[in-house]
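Here the sequence shown is numbered in my numbering, starting from 2 and rising by one per residue.
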Amino acid sequence: MSRNVTGKTKLFGVIGTPIEHSCSPKMHNAAFDALGLDYEYLAFEVGQDTLAQAVEGLKVLGVKGFSVTMPNKQVVAPYLDELSKEARLCGSVNCVHNENGKLIGYNTDGHGFVETLRRNGVKIEGAKMTLIGTGGVSAAACTQAALDGMREISLFGIKDATFEAGLKLAERLNRETNCKVQVYELTEENILREQTAQSDILGNATPVGMGKMEGKSPVNDLAVFRPGLSVIDVIYHPAKTKFLEMAESCGCKIMNGKQMLLYQGAKSFSIWTGKEMPLDVVAPIVAKHQ
2 MSRNVTGKTK
12 LFGVIGTPIE
22 HSCSPKMHNA
32 AFDALGLDYE
42 YLAFEVGQDT
52 LAQAVEGLKV
62 LGVKGFSVTM
72 PNKQVVAPYL
82 DELSKEARLC
92 GSVNCVHNEN
102 GKLIGYNTDG
112 HGFVETLRRN
122 GVKIEGAKMT
132 LIGTGGVSAA
142 ACTQAALDGM
152 REISLFGIKD
162 ATFEAGLKLA
172 ERLNRETNCK
182 VQVYELTEEN
192 ILREQTAQSD
202 ILGNATPVGM
212 GKMEGKSPVN
222 DLAVFRPGLS
232 VIDVIYHPAK
242 TKFLEMAESC
252 GCKIMNGKQM
262 LLYQGAKSFS
272 IWTGKEMPLD
282 VVAPIVAKHQ
């Protein structure tokens, strides 16, 4: 559809780097068109060195809302006026709403994760999850799951810079939600098998399985998988990682990150516009994205 931008057109966007391959402009502009909204969504190349100026510029220009992607999600908060509960707890922002000059930060990544599970018939309330990874995506997923009534989460990670962040996240969630969160080293394979055996959901929130690590899995023990276990991988390219292939071969229900991408975008769209994203229009766009 040809776009008719006027002086009344409201502007939205995404800030990050690299940004040229972002699916967000296609998603949101298609949704705006479908609903007949005079809005435009653009991608802006912004790294941490220019983040403060960029956020202030977007605010001054009256941009109504913007997405935040890597490497800015965990460092944008100081430049905002207010944070939602889930953004504060997980320490990451991927959605900003400009409410009459006040910038409010949200995290919709966790919603995308939880909504993917729900749309595939997986119950969140009262469930137990084992999640591999202690980085930003893991934090968002755990936080939203805890806020939505999950009973227990076992986090597994390697002893890197994010592991300490995982421990601090567990402290916050144990203090401020009714979810019990524990953190273990991924090398503790017996504990991983034990915790997964008690879990309803097993997830991968690491990059293992994509890019240079395609064909690899964060776990190589088929004993952690079983029929009836719901398995989710936040990776969406490839659509079926080695982790998911292993899970499927053991009779697990499997889900990838494509749906998560769709539902986090839909939540941001709703925050900005007060309307539901037309998923029938946007889902095919996300399905083609690599």
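Where is the CB? At the ideal position from N, CA and C, for every residue including glycine. This structure is a prediction, so every number in the text was calculated from the model and none was measured.
Query: Residue span of the alpha helix (DSSP H) that contains Thr144, given as start and end; Result: 137–148
Query: Proximal residues to Glu46 (C-beta, below 7 angstroms), its chain only, five neighbours per side dropped; Result: Thr18, Ile20
Query: For Ala206, the three-state DSSP class (helix, strand or coil); Result: coil
Query: Three-state secondary structure assigned by DSSP to Glu46; Result: strand
Query: Own chain residues within Cβ distance below 6 angstroms of Ser23, not counting five before or after; Result: Val15, Ala44
Query: Status (buried if at least 16 other CB within 10 Å, exposed otherwise) for Gln196; Result: buried
Query: Bridge partners - Gln183, DSSP secondary structure assignment; Result: Ser155
Query: Per-residue burial, Lys178 [other beta carbons within 10 Å of its own, 16 or more giving buried]; Result: It is Thr, not Lys, that sits at residue 178 in the sequence shown. Buried.
Query: Per-residue DSSP class, three states only, for Ile251; Result: At residue 251 the sequence reads Cys, which differs from the Ile that was named. Reduced to three states, the DSSP call for Cys251 is coil.
Query: Val6, buried or exposed, once every other Cβ within 10 Å from all chains shown has been counted against 16; Result: exposed
Query: Delimiting residues of the beta strand (DSSP E) encompassing Asn99; Result: 96–100
Query: Contacts around Lys320, its chain only, beta-carbon distance under 6 angstroms, and the 5 residues preceding and following it disregarded; Result: Lying outside 2 to 291, the shown extent of the chain, residue 320 is not represented and no answer is given.
Query: Three-way DSSP call (helix, strand, coil) for Gly275 in this model; Result: coil
Query: Residue environment, Gln199, which counts as buried when at least 16 other CB atoms sit within 10 Å; Result: exposed
Query: When Leu148, Thr135, Ser25 are compared against Ile159, the one with the closest alpha-carbon; Result: Thr135
Query: Test: Asn5 CB closer than 8 angstroms to a CB of chain D; Result: Protein chains in the displayed structure number just one, and chain D is not present.
Query: Per DSSP, cross-strand counterpart(s) of Lys103; Result: Glu100
Query: First and last residue of the uninterrupted alpha helix (DSSP H) at Thr117; Result: 110–120
Query: Which listed residue (Gln291, Asp39, Lys11, Gln265) has its alpha carbon closest to that of Gly66; Result: Lys11
Query: Element boundaries [beta strand (DSSP E), containing Ser68]; Result: 66–69
Query: Status (buried if at least 16 other CB within 10 Å, exposed otherwise) for Val77; Result: buried
Query: Where the alpha helix (DSSP H) containing Ile286 begins and where it ends; Result: 280–289
Query: Alpha carbon of Gly8 to alpha carbon of Leu118, nearest angstrom; Result: 41 angstroms
Query: Burial state of Arg4 (16 or more Cβ within 10 Å); Result: exposed
Query: Glu153 versus Tyr80: straight-line alpha-carbon distance, rounded; Result: 33 angstroms
Query: Identity of the residues DSSP links to Thr131 by a beta bridge; Result: Ser155, Leu203
Query: Distance between beta carbons of Ile133 and Ala146, contact taken as under 8 angstroms; Result: Ala146 to Ile133, Cβ: 14 angstroms. No contact.
Query: Touch test, the region 95–110 against the region 173–190, Cβ-Cβ under 8 angstroms, three pairs minimum; Result: no
Query: Enclosing alpha helix (DSSP H) for Phe13 [first to last residue]; Result: No alpha helix (DSSP H) contains Phe13, which is instead part of the beta strand (DSSP E) from 11–17.
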